[in-house]
Each structure stands twice: as structure tokens, then as C-alpha cells.
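Reviewing the structure listed below.
Residue numbers (the UniProt record's numbering), protein chains in the order written: chain A, 1 to 777; chain B, 1 to 777.
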């Protein structure tokens, strides 16, 4: 968004003003206007500013660095706010990952001479990239625009579900071209592109595919591209020279302008537009299946050339998706809140042709009937709060599609298990756990059941019982993952035990007592990781001894923990925090331990080798997921006011409505979902429990239009910077004594009203009976 | 075939005996028994000895060298008779190519310790390869057996259309394994395998795929493999180490024995068979489409485990295919003749799943309805005699399938043209010309019409008019291909002109006078290559001048000719030999020139750089196709006895019923088709003319059961080594005065009777009216 545009938005409501309760009709409009897609594009957020519709298959966004820096981490979304040149606009991006891939089908408009290499960002004009300025750049949900100053080209982007649409304005005086680079990727290295193809059809359609290895090995993606003006010439280049067998090459191989198709590993296509072209619309559809599928998607979604209609549809989709919230807060908070909601609505994203065909983890094509296939499952992150949030703010069908997609992936899995971390249909084996299980369990327990329930339980059990994966065989035998055989064993034992508890919940609800009993027992396996002597969760060897030497500050691959250390992982028993507290000798001991987490003096250099551990408050690392529930744990120890304090501390220090405003990777919406829940005043510490732990509200008023047609409203009377403690709570006018609100209570609609005060209320939520307690299936 | 087996065959009929005319019932049996698949596996033949059914998709054969020698030429079929160790048995092989590829899904049975690399052939025991001996080796059509002496394993192979079946006999005392190497290829180099996959299913089925670049870039092939005994363990290896992204790998990635699937570029799978396994049947199906397609093909073709039934079916298919001929000749001749017939029945081969799906030149999957998709089109070679032979000895449906497959390939071609040199559905752009055109024209002119004829003419014209290919744009403008713009221009001009003539023939037959006129004119373009001064066909520059300096002995890439020189290419006007003779100043001048070709003293070292130019008699190079019609040209000059002499000279010196018995690459049956026609006594010098030029017979009697149910018989009275000249000829008892026999005359059945004599008959065929003359559309 340009400085000017931002100022204009700011004028809608100055920091001091409070908006009147919006009418439902303009709620969407107001929510839409509040979003700033640049939040998280600097710092560690790894979000992208480009055009996307809610859960769309296409994420069309500018890339500022490609094929240049060895360190792919910082450019995982292709764009960094501090860069000053753009390589082009590619059609696939992750929103906030810590690893990188995608960046498919990069299109760059060019005026004048065409160079085939992007060039060095430190040497302006050394390649086809162009400089740009933030003053000449705008972003709104589903829309992005920028001036490419090296070429004098104005570029606008918008998107549909399966399409990305570009509008380029050229000055008349220079020859206009489109460059399509099939080599680029967020994480590029020799051999990354396994194979690719470009094919110019007689009607001017350019289709193609590429197959890459990397995070998802063997990934195939197809596309079709059409231009609103005639393609008057083309050059199809292969910048790798030795590709043809003994010199046999397609017709006129030495003349890229005569080729109409090309295959290879390093392809660049250039399309020439007619002399004097002032404006060209470029529409691109993706397909997981085939070039024909991409053409069909293109025709289904955008038969004509009306950029503005597509952009308006995108705006409408976002307004509807964001507008389920009506919020009273100052402009900065509204921006942060709605941008967080925006970021939670990106994944799992559509991965299916318009005819229902998609590619599974077996890299084969399948047909979805009656549901939409989704992919990009960052499950280790998103099972915590992002999926639970989507059950509240999206129509049930969305969560049904999530579950159907997970079950389908399992049916097509050679391992017979649910996805671990999947994108574009393929398994990456990234991170740990079997966290598709709590996603399904959370949906089932909330009564979302538009999928075969028996198969769902079967799939959950199969995933939890699959011996070769992550030490499960040993875990089943020993009750913990042994560190002398399997890495990151402490984290695995803890997360498996939680996932197991969610299976027990579902099995019990289905009346499957046998399964429930087994997994209830496994849910207690966290105890095998608990070391009474040190008070930490630790990894044991297969002989039962804890691994020595033990350093609770040690983190990283090869240690006992996954992207964390003992100080961060020792509180991960969401299914039985009461049991954890007893293990520590009771409430006050436990609170002391949690205080040690937040109050330790920690040199951030300690985590220099772990790029994902960021956002430190003591040992607490808000930038990474293992910490996300920790601030809520005081509530379980009967001291909710301590949680209220900590949450204020985190909200103040870890989020800001600026490009640098996310302290850690957004992780496909988990960082943002934490913000949304916390701002509303409650958080799903134990998904599948149907309980939310009450933290404290950060918005004066927030109304949520639920999928069932009811409206749930949270009001925080007297809230301001000096009044951050809960004085009292009522639900529909009746005092709420528990520090928990049930999912059913939210679904019933009504009003949760907080009265805020300047000092802690040390009585509310103190009694044992008023605390959250999940451990029962 | 072992020495013993060959002796036994020899006993059926010693060199001196003449077999009685076989009954139709045992004609197949006798023909089958005469074939020696080892012919051509030494020397330059490049045939393979393994198991295949007529035109089968699977060619299951031993490979003796793989991933070892830089020079792939000699091992184009994977096996060389002079090698003494076998790497394994792979499922795809070309029969007699000059370039190499294929060698897919190599299976090696192993007893004892498993090594993952094949090892060096010069160091026995250095890898998984095993020594073998010809004394312990047998080959028959559709069956191959060998003892792998390093392992004490007896291996037998047979094949169906889409399956290869292995029977391995192990000694009980050592652990039995199957190794599946997905890395191997006939022409291997770094990066050859783009991607591959192995997947072990719960039922013990191993499926997988590989995608390779090379001769056919981006080629995908899928397979499914089942074993008759339980697979009790597996190790799936990736011998390339850096394939996984930042260390994320499938479950238990460091433990190949726990993996059930693997993707990568360097895969080796090992299946463990139960202790004490004495025999295992391994059945493997291929699919161009998918792993599921391969499983379906496997189940369709071999539901059980009866190796002998599959072998018997293969034998039956061969007996029927070969048994259309009943031949009286000595054993060596019968062996040479029937092995030649066997070699003509390999390609174009099936390339389609049992449900009709196949992969086209666009690398996409298509559905054949009512016809069978064929591929492996070595058209530059096979349009000359192999396709014309198949119209005589195969049911019409086969040629209809050929044409349908060519037309389908064109429909799926990004260039909109017929295949040039294609295999596994993909275009290789190998060699020159648009010789799918004469194949279709020959079929059409012979009345074989089970395909859309209008589309056929359209496809022929489109291919002949496609400007970017091989200088066609310039050829259309100038009447010749200009050498200053396009390589090998003289050869191209000549071959294009012939192909054009066949289009004119078809167009005229269809009443399309406009098209006929254009292409009849183009058929005369050979005149633009003719240099009166030197009497050679030469390449012109675009300004009309001949390229200088001119050396009629120069050959090779960069010269004016394709795999040949002026001495070899200057006689290529099969559509108008009479015109060519006139250009040379009449019969005797022309005969003198042809004699110069055969009688020159040529140092074979002159062709050391052109591996395909072999089988030299003077300049005549029988090992390569441009020479194939030359010995028949004397007939056109009214001196058929000179052709009779030359043919005797060629048959004696260029063929032998031994592994070294083919002097040049068999080229998917063209070398062998030349032999079959020539042995019968006639040859299709100008396909699409419906004329065969009479040479002289080499068999005492040959009966051909035609597809129309009639039988055509050739009898050579008095034929022996001393009686090689035609004295007189009768057709159905009436004197045949012309040195030509028409296709219709053959199809009518009846008896072509030669009376042979010791000296030339200088009258028969001398008169101008009796000579072949094709140039009229």
C-alpha cells in the first residue's frame, strides 16, 4: 500500500476514535479496508503481499530475490519488504513458512531489450529485474500494483481461485514483451527443476508444466497463459545447452523464434506483443493435473478479459470472509486484527481442477466427488489454533473439505497414513507428530461430520500406529520415543501423547471403548518424558535412563527437542495440564516454573543456529509454535490474572501493524490465529477438548457472525491500556465463574461481556472447579 | 541357443537336404524352430536375444553392459555376443538401432550377498553382475534362458504383449533376492534419469516409474512387478545422497529396509525372497500411462503364475506370424530367412494400456478407440521395405493401426506433423525426411483404408509443408534445400522429392487434382540436386550455385549428405529412375556409374567417423539404408542380369546365420526386410508405386499365405550356387515379360515360377516396355 493510500485509510478513523458498530452490510467493506498485506513481509513473518482469494490455489505475488542467495530462509515467500527490485510475478507462494519452495511460472513484463537472466539485485540493469519503490506500490486483499521503474511499466495483479490475472500498462514507445521464466524457485539449486515444458498453441495460448524436486520431491504443476493482445512473436529458450541427445533437436532448434514448443530443465519463454501495445491483460491458470486441465480452469474462471471484474470478485470474496467480524478498536488494532484474520484464510488451499481432479501424495491423478481437495497442510503449526479458528469463522463445508482431503491423501499414501506436512498434494515429511489427527478430532468433536466417520477414526489410528514413522514402533513398545534410536525424542513423545488423547476423545464419542482405552493410556505417555529431578521434559534412552549430559538450554537438530529446548517444550501437555501441575508439586511451584520461562535472561545468540526460534521473552519464543499455549497455563493453576498480564506483554511486544509486525513465520496462519483468538479473549489450548481457555480481550467489542447464522459478541467494558485485567465476566448477562468457555456456548450465539479493571481480580477463576480441565476422553 | 540345441536344430535338416513342402499346420512350428535370435547380436546388427512377442510392448532381454562405457553405439540393444557377463534383464530394447536408449526396469536375481552397483565387467565379482557362458544359454522367439554362474541361478525369460515374465531357479542354500535397478539405461550419462519411483504395496506388488531424458526427452514409463513367492523383506535405496530438502526424508529414511516407497533419481530396490526359495516367477507389466495402468495390464495378461503358458502363447504367436511362409531351402538359409522375418516383426510396437490409453508426443495421455496405438517408428529406415513387407505378411488391421497411430501422433503434435522418428510416443527428431508420408501412401495405394482417408491426406500435406522443419520453408520456395542454410541439404532434397511423389499418388487416387499437381511438381525437385558436370547429386547454396569444394567421398554431419556421401546418395530417385537414367545420358552411362559404385576401391577407414556406414562393397554400403535400392537399379536400365549378379554378391557377403550375420544395424527390421524381399525375388524400390522390381530368387520354393486367405508361391527351378541367373519367368504358367510384378498380382495368389540358369539371359527385361517405371501419380 502506498504511503498515500495508508494515510487515507488512517483518516477513516484516527487512533483515538471508536467506530460505531458497523452494519452487517458494510462490515465486509470495513474489514477489507483494514487489511494490510504488507504486514509480515519484512522481519521474520515470511508473508507475501500479492494477490490471492481465500484459500485460492493461485498466490500471484512479486518476487524480489530468486536464484541469487544461498540462504533461502528469508525469502521463503519470494518478497522482502527491504528489497528494492522485483524479478517478476510468480503464481505460487506460501504464506509464512520457514522452508521455501514454489515460485512457479514467473512472468515479467519487459519494455525494450530482453535479457534472459534476472541479473544481480546489487547491479541495477544487469538483468531483466526492475527496480521499484514502495511509494509506487499498493496491496489490498486480492489486488497488488507496482510501478516497474526500469521499464516504465505499471503492473497490477489480481487472482481467482485457480487463476492469476496481470494487467500491464506499457508506454507506447518501446517494444513490449512478456518473459516467462520456468527456472525460478524460492529455493533454487542445481537440479531443482527436473523437467519443464513450454508450448505455444496456434490460438496464442501458452501452456506448460514443470516438475521440481526440493521440499516436495517430484512435484508437477501445469499452467495455461493467454494474453489479451495478439502474440506476434515468440522466443522459446533453453539456457541449458546439453539437453538434446547427440544433437537431435526439435525443428529450428537454434532459432528460438521459430520454436513453438520446448522441453528441458532451464526454459525461458518470451512473447512479443504488438508494436504500440499500451495495455495487456495476461491471465494464467494453474492445474495440478495437466495442461488441458489448466486450459479448462482458465476458461471456466475467466472467459473474457475483464481484469476489474476478477478483482471485484476477489474483493467481494475477501469482504465476505473477513466481514464475519465486526470490531470496535482503534485503526492500528483493526489493521492488525483483520490482517491476522486475512492471514488465517490462506491455507489449506484449493488444489484441484475445476472438474474435481487433483494429484495425490502418490503423484497420481484422482477425482474428488462432492468435496474440494485442499493441500498445503502445515499441520505441526496449524492444528493448534488456525484449524480451530476456521471451525468458528468458516462454513462447515470448509472443514469437511479439510477432513475429506486428509482422508483422501491417506487413501493414496503408500504408507497408509494421514499427511504430516503436505503441499501440492505431496508429503514433505517436515516437522514431527501426526497432527492431522487433532485436526480431524477437533472437527468431529465439534459435530462437523460431513465425511465418513469410521474411515476417519481408522485413518487416525493407522497414522498413530505406523511404526516406521518417527519412532512410533518404539513409542508403542516403550511408551516413549527413545533418543538413542530416534532424534528429537522428547518432543515426539509429548506431541504423540496429545494426538493420542484426541483419538481417545473421538473413539469414546463413537462408542469405540477398545480404541478409546488404548489411546487414553497412550495420552498419559507424557509422564515418561517428565524428569522429577530437574522438573523438565527430557528424552530417555531405550534402557529407560534419561540422556546425559542434559542442558535445558540446548536446542536444534540432534538435541532432544524439535525447534526448541527443555525450557520451551516442558509445558506441552495440553490434554492434562492439571496432571502436569501435580507433577510439579502444585499450583505455586508450577507458576514459579512458568515465570522462570518468561523472566529468564536469555542471550538471543543462543538460538542463532535455529532460525525458527524468534520472538523471545525470556525463554518464551512467540515466533515458534511450541510456546503458543504457554501464557495460558497460569489459568490452569488458578491464577488467570497472570495469564492476562503475560498476554498483554506478548501482544504489545510481538505484533505490530507494520511490515516487520510478525516476530516469527506466520506458518500458514497459526501466528495470526493466535492473535485473533487472543484478541477475542480466549484460546483453544487443547484442540478437540471443545473448550477455550479465557485469556483476556484486547478489542472493545467484537461480533462474530457464526456459520450457523447466530452472532457471538465479545464486549470488553472499560478496556484501555491501563485497564487490562478482567474484573468480571458475564455470558448473556449471567456471571461466568469458570475461566473456560465451551464451544457450544459460543455456537449458541449471545454475548460474552468482560468488565475490565486496572488491577488483577485474584478471586475470579481461582477455585479448582472453575479451571479448565481436559484430560478425560 | 546352446551349441547342443543348435546341433539338434541342425539335425532337422542338414545343409544338403531339402525339406518337403510343409503342411500349413506345421509350417509355423518349422518356421519358429528355424529362428536364431542371436543373429545380429554380435557385429553391427544391434539386435537383442531376449523374449518378445510380435510387436510387443515389452522386450525382455539380458544386458551385458550398462553405465560403464562411454560409447553407447555398440551396446544399443544392451547385449553383445562377445561379452561374458550379464548385468540383468531389462524390459525394453530396440531391435537394431544406431542410437541407444531404453533398458527400463532392470531386474537381476541374486543369491547371497547383495551389492548395489553392477561392477566392472573386467573384474568378475566386483558388483551384482554375473558371468555366463553361451554354452549355458538358449534363445528362441519369445523365450530366453541363461545360467548366471556367479550365483548358480538359472534364469528363463518369456513375454506377453505388455508383460515380461522371469523364472528363476535358485539353489536352496543361499538367500535369494531380486534387485531392481531404476538407474540403468543403454545410453547413460549424468542426469539421464530425471525422476523415478519405487513403491511396495501391502499385497507385495512393486510399482514404479521412471522419467528419462536422452533420445526422447521427458519419457515416462511405469511398471508393476509381482513375485510368485512372498516378499519377506525389502530395501529401497537411493544411491544419490542429496535428494531430500534440508534433511526431510520419508520415514526411516536411513533404513532402506523400512521404506515402502521412495522417489529420486538413483533408485535401487532389493526384494528378499523366503529362505529356501528354489523357484520364483517374477511377472512385470509396463504401462505408458500410470502405475495403476501397469497393474491392470499385469492382471489382464497374466492373472496366475504359469510361466509355461505364457511361453507357449508367445511361441504360438510367433509360429502363426512366421508360419505365413513355407520355405524350401537348406538349414542355414532357412535360419537366415526366418530370423529375418522374425526381425521384421518387432516394430512399430504396441504402446498402449489394455484399456486403450497411451501417451502421445505431447507427453499427455490419450484414449485409442477401435485401434491399437503403436510406437517405435524408425521411419527413415522402415518406409523402404519393412512397412511394405508388413502389408503382405500381416493382417490389414496391423497397417491400419500403423496409420491410425501416425495420425493420432500428428493430432497430438505441437507441430501438427506426422512422426519423424518416434518411440514410446515421443518425437526424437532423428534422421531426415517426412517418411511417415510414404508409409501412409503405400498403405492407401494398396487399398488398406481402415482410417480416415481425408485426415490422412491432410496430415501428409501438413508434414510436407511444415516450414520450420528441415528446411522445408526454403525447399518450397527454391525447389531444393539450400546447404548454406540447412545441413545435409542434398539428401533432404532427394528424400523430400520422393515423399512428395507419394503424396501426389494418393491425392490423384482421391481425385484431389490440386494437391496432386503441386506434389507431382515437387516430386521433380530431385533435378535441382543433379549436377550434370559431375554426374552426382549435390547440395546447392541459396543463390543456386553448388557448394564448393566438392568431394564425392566426403560423408558425415556437416556434409551435404545424411549418413552417406555423393557416391551413395546420387541414385535416390526411386520415383523416377527412368528420368535419372536420362539425366545420366542413357542406360549404358548409367550402368557404368552404378558399376563404379560397386567396384570402387574404398578404404573403409574413410568411414571411421560414421559408425552407421558399414557393409561396404566399393562405395555401396549395405549396412545403411541409402544403398538399399541401388542393386535393383540395373533393372531400370534394361540389364536385370546385372542386378541378379549384384544381389548374389550382397546376399553372400552381407548376411550370415551367425551372431555376426548382420553387417549393419537391423534398424527395426529394414535390413531384415531387404533380406526377406530379396530372398523371395522382388523388392519395393518405390513404396506407394504398387510395383515390386524383380531381382532374383534365393529360395528354392517359398509360399506366402496372404492376409486375404490366398497363397502366393515363388518357385526357383534349378536354383543352386551355380545357377543364379533368371532364364525365364512365368506367372500362373504364363510367361512374365516385365521385370516387375504388381502388388495386385501378388494379392491374387498364384505361382511365380523362375527357371534359373548358369549364365545371364540378356534378353529378358531388356525392352524398355518391360522395365519398371514409377513416375506418374
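Don't be surprised by glycine CBs; every beta carbon is placed ideally from N, CA and C.
Below-8 Å beta-carbon distance, residue i vs any chain B residue
i	result
residue 258 of chain A	yes
residue 194 of chain A	yes
residue 94 of chain A	no
residue 290 of chain A	yes
residue 211 of chain A	yes
residue 297 of chain A	no
residue 218 of chain A	yes
residue 238 of chain A	no
Straight-line gap, residue i to residue j (C-alpha atoms, nearest Å)
i	j	result
residue 170 of chain B	residue 84 of chain B	21 Å
residue 443 of chain B	residue 388 of chain B	8 Å
residue 111 of chain B	residue 86 of chain B	15 Å
residue 76 of chain A	residue 100 of chain A	4 Å
residue 476 of chain B	residue 502 of chain B	16 Å
residue 212 of chain B	residue 113 of chain B	30 Å
residue 624 of chain A	residue 563 of chain A	8 Å
residue 410 of chain A	residue 372 of chain A	15 Å
residue 37 of chain A	residue 385 of chain A	21 Å
residue 556 of chain A	residue 319 of chain A	41 Å
residue 565 of chain B	residue 237 of chain B	49 Å
residue 22 of chain A	residue 302 of chain A	Confidence in residue 22 of chain A is poor, its pLDDT being 45 and thus under 50, which makes the residue's placement unreliable; the coordinate value appears in the next sentence. Near 33 Å, if we compare the C-alpha coordinates of residue 302 of chain A and residue 22 of chain A.
Proximity test, Cβ basis, 8 Å: residue i and chain A
i	result
residue 359 of chain B	no
residue 199 of chain B	yes
residue 433 of chain B	no
residue 204 of chain B	no
residue 428 of chain B	yes
residue 349 of chain B	no
residue 248 of chain B	yes
residue 151 of chain B	no
residue 164 of chain B	no
Integer Cβ distance of residue i from residue j, believed to fall under 8 Å
i	j	result
residue 756 of chain B	residue 723 of chain B	4 Å
residue 441 of chain B	residue 506 of chain B	5 Å
residue 149 of chain B	residue 133 of chain B	7 Å
residue 342 of chain B	residue 141 of chain B	6 Å
Distance CB(residue i)-CB(residue j) smaller than 8 Å
i	j	result
residue 669 of chain A	residue 347 of chain A	yes
residue 26 of chain A	residue 88 of chain A	no
residue 657 of chain B	residue 42 of chain B	no
residue 103 of chain A	residue 185 of chain A	yes
residue 321 of chain A	residue 345 of chain A	yes
residue 125 of chain A	residue 117 of chain A	no
residue 359 of chain A	residue 289 of chain A	yes
Chain C contacts made by the region 406-425 of chain B, where a contact means CB separation under 7 Å:
The displayed structure is made up of protein chains A and B, and chain C is not among them.
Using a Cβ distance threshold of 8 Å, determine whether the region 656-669 of chain A contacts the region 684-696 of chain A, with at least three qualifying pairs required.
no
Count the CB pairs spanning the region 572-590 of chain A and the region 530-549 of chain A that are closer than 8 Å, and state whether there are at least three.
Between the region 572-590 of chain A and the region 530-549 of chain A, the count of C-beta pairs closer than 8 Å reaches three or more; the two stretches touch.
Check whether the region 513-532 of chain A and the region 486-501 of chain A touch, using three or more Cβ-Cβ pairs below 8 Å as the test.
yes
Kindly confirm or deny that the region 184-200 of chain A and the region 260-274 of chain A touch, where touching means at least three C-beta pairs closer than 8 Å.
yes
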